[in-house]
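Before any comments, here is the structure.
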Amino acid sequence: MGTEPSIPALGAEESLNGRLEDASALIYCWAGWCGPCQLSSPVVDDLSKDPDLIHVTFIGVDIDVCEEAVRELRVRQIPSFFIWKDREVVDFVTGVTPSAHLKKWILMHFPAPK
Numbered sequence: 000m001g002t003e004p005s006i007p008a009l010g011a012e013e014s015l016n017g018r019l020e021d022a023s024a025l026i027y028c029w030a031g032w033c034g035p036c037q038l039s040s041p042v043v044d045d046l047s048k049d050p051d052l053i054h055v056t057f058i059g060v061d062i063d064v065c066e067e068a069v070r071e072l073r074v075r076q077i078p079s080f081f082i083w084k085d086r087e088v089v090d091f092v093t094g095v096t097p098s099a100h101l102k103k104w105i106l107m108h109f110p111a112p113k
């Protein structure tokens with residue numbers, strides 16, 4: 000139907016806290032029918048393989064499958080990108096976002112290890 004990201008996905012019955020426990024992550028919310036998501040999914044896939052971001056956990060949330068996570072994150076627009084730390088959202092970006100901007104934003108929250 001759409002372009003599904005290749006990053007690990009949250010399952011329909013999983014909660015964010017259950018999946019991530021105390022881990023930090025970039026959470027990407029998308030849907031197969033969403034045109035802007037079809038543009039964003041390849042960008043997310045590329046960033047998840049970027050050597051500068053190898054220390055970041057990427058999780059995909061299909062909004063049509065993971066209703067509990069959508070409520071927990073308070074998703075209002077897709078695509079959406081959330082920074083998850085200490086079992087809560089600390090920042091988010093919505094809409095189609097250029098790769099360089101997303102990478103800079105992710106590194107702001109998850110600096111590369113030295």
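Going by numbering that gives the first Met the number 0, 46 is the number at position 47 of the sequence shown; the sequence numbering is gapless. Think of the CB as a built atom: it goes at the ideal place given N, C-alpha and C, for glycine as much as any other residue.
One question on the structure: do F109 and S23 come within less than 8 Å of each other, judged by their Cβ atoms? Going by C-beta atoms, F109 is nearer than 8 Å to S23.
CB of D45 within 8 Å of CB of S5, strictly: no
What does F81 pair with, by DSSP beta-bridge criteria? I26 and F91
For the alpha helix (DSSP H) that D49 lies in, which residues bound it at each end? Element bounds for D49: n/a, residue is neither H nor E.
Enclosing beta strand (DSSP E) for I58 [first to last residue]: F57 to D61
Would you tell me roughly how many angstroms separate the C-alpha atoms of W32 and I77, rounded to the nearest one? In a straight line, the C-alpha of W32 is about 11 Å away from that of I77.
Could you name the residues that DSSP lists as bridge partners for A8? The bridge partners DSSP lists for A8 are G59.
Just to confirm the assignment, what range does the alpha helix (DSSP H) spanning E71 have? Start and end: E66 to L72.
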